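As they're listed, the protein sequences go chains L and V. Numbers given in this note's numbering equal positions in the first sequence, counted from 1, plus 233. Numbers given in this note's numbering equal positions in the second sequence, counted from 1, plus 233. Before any comments, here is the structure.
2 protein chains.
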Amino acid sequence: MTQKGFRGPQVCSIVGISYRQLDYWARTGLIGPSLEVAKGSGSQRVYSYTDLVELKVIKALLDSGVSLQSARKAVECLRGDLKQDLASASLVFTGSKSILAFSGEEVVDLLQGGQGVLAEVFNIVPLKGFIKELQSSIEKLDFDSTRSVHEPRSLIPKT
Amino acid sequence: MTQKGFRGPQVCSIVGISYRQLDYWARTGLIGPSLEVAKGSGSQRVYSYTDLVELKVIKALLDSGVSLQSARKAVECLRGDLKQDLASASLVFTGSKSILAFSGEEVVDLLQGGQGVLAEVFNIVPLKGFIKELQSSIEKLDFDSTRSVHEPRSLIPKT
DNA sequence: AGACCAAACTACAACCTTGTTATTTAGGTT
DNA sequence: AACCTAAATAACAAGGTTGTAGTTTGGTCT
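Right, here's the structure in full:
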């Protein structure tokens, strides 16, 4: 049994974004479906759980007022680290760099700039709450009547 | 002697923004000249020091990737507090609220959400470094040959 | 094979922000 | 009063992002 995949409209529901946004982000290279790309109209994109984490972070950044262009840069550092325990991490980014901090002390160090005086703005994304929400949304989906990837129709209750 | 004022082009030089930006921000109500509004083409806007602090913060937010619309909301909380010592404060804002924190502990508390698990992004602006830069830029201006507000021409060296 | 449906694709509008260029005009000097 | 300069004003284009509506087509079922 391979990794569980999520199709486009499911992803929108889980993460809380519009289909237009998801499509635009996939087309402009921000984040696409890592399990399966689309083969044309009528086919399906298939996203992984880790794609969903990343999308959730992007959405969070947008909600906090960060522009999509900056969110693009910020999530880059999530891509090499998704094997570690993200729920205990915080993404910290400024205009010029972004890193994952794995302790509250690390975050405080960054804020204080090692006792220097930096003219810098910090955007901090504690991942715990977002991952919790994401998992809750995924569980909720299991009870919904919407289709999973390439699921036979006859097994779906009528809506 | 009234408060020192700064004219439009000086402000752009001090804060590090384009004239177009300053003009747009004044016209769209983000921040305008608190000492004197423009009386038409050929006249001068006159900005105060506190206007400059605010502009510097807005610029910093833009540089960190925050959208102008969000920066508008974020700086609102500076407006009631400019009589206190800003250099020891940090502006902290999320998508939904913004406050000034006057100690590092206060900032850490906000990040930890009082031990709750919040799904929230924090944008943190430690003001010290920005105010330092601003003051440095203003001092540098005093040696420049550019005109101050309504300054007689004959006192200006030829450029 | 044909019918159907869901998902991707396409095209355009709207909005926000900034850059560029040209025009207007307040304020200072002679 | 005439002239000059700097600063504000006006107009338009461009880029990025999202919403809306219509079209195409892969995949499933009969």
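All C-beta atoms in this analysis are idealised placements derived from N, C-alpha and C, irrespective of residue type, glycine included. From a predicted model like this one, the values you see are computed outputs, not experimental measurements.
Partners in chain V for residue i, counting only beta-carbon separations shorter than 8 Å
i, result
"glycine 328 of chain L", "Asp296, Ser297 and Gly298"
Chain V contact for residue i (CB, 9 Å cutoff)
i, result
"glutamate 353 of chain L", "yes"
"glutamine 302 of chain L", "yes"
"proline 390 of chain L", "Any reading at proline 390 of chain L must be qualified, since the residue scores a pLDDT of 41, below 50, and its modelled position is unreliable; no value is offered."
"isoleucine 371 of chain L", "no"
"leucine 344 of chain L", "yes"
"valine 286 of chain L", "no"
"alanine 271 of chain L", "no"
"glycine 238 of chain L", "no"
Min CB distance residue i to chain L below 9 Å
i, result
"valine 248 of chain V", "no"
"leucine 268 of chain V", "no"
"alanine 307 of chain V", "yes"
"alanine 259 of chain V", "no"
"proline 242 of chain V", "no"
"serine 251 of chain V", "no"
"valine 279 of chain V", "no"
"glycine 337 of chain V", "yes"
"methionine 234 of chain V", "In this predicted model, methionine 234 of chain V has a pLDDT of only 41, less than 50, meaning its place in the structure is not dependable; the value taken from the coordinates is given anyway. No, no contact with chain L."
Residues that residue i contacts on chain L, provided the C-beta gap is smaller than 7 Å
i, result
"phenylalanine 363 of chain V", "Ala352"
Closer than 9 Å at the beta carbon, the chain V residues around residue i
i, result
"isoleucine 396 of chain L", "Within the shown structure, residues of chain L are numbered from 234 to 392, placing residue 396 of chain L beyond reach of any answer."
"valine 358 of chain L", "Glu353, Val354 and Phe355"
"alanine 334 of chain L", "Those within 9 Å of alanine 334 of chain L in chain V number zero; the least Cβ separation is about 11 Å."
Residue i and residue j closer than 9 Å at C-beta
i, j, result
"leucine 319 of chain L", "leucine 360 of chain L", "yes"
"glycine 238 of chain L", "serine 281 of chain L", "yes"
"serine 300 of chain L", "serine 300 of chain V", "yes"
"alanine 352 of chain V", "glutamate 372 of chain L", "no"
"phenylalanine 355 of chain L", "serine 297 of chain V", "yes"
"isoleucine 264 of chain V", "isoleucine 247 of chain V", "no"
"serine 276 of chain V", "valine 308 of chain V", "no"
"valine 279 of chain L", "glutamate 269 of chain L", "yes"
"valine 341 of chain L", "leucine 294 of chain L", "no"
"glutamine 243 of chain V", "leucine 374 of chain V", "yes"
"leucine 324 of chain V", "leucine 311 of chain V", "yes"
Proximity test, residue i beta-carbon vs the ligand HEM heavy atom, cut-off 8 Å
i, result
"lysine 365 of chain L", "Ligands are entirely absent from the displayed structure, and the ligand HEM is therefore not among its contents."
Proximal chain L residues relative to residue i, where beta-carbon distance stays under 8 Å
i, result
"alanine 322 of chain V", "Neighbours of alanine 322 of chain V on chain L: none; closest Cβ ~13 Å, over 8 Å."
"glutamate 366 of chain V", "Ala352"
Practice problem: Can you check the region 296–322 of chain L for any alpha helix (DSSP H) of at least 4 residues that lies completely inside it and give the ranges in chain order? | Solution: 301–307
Practice problem: May I have a chain-ordered list of the beta strand (DSSP E) segments no shorter than 3 residues that lie completely inside the region 340–369 of chain V? | Solution: 355–359
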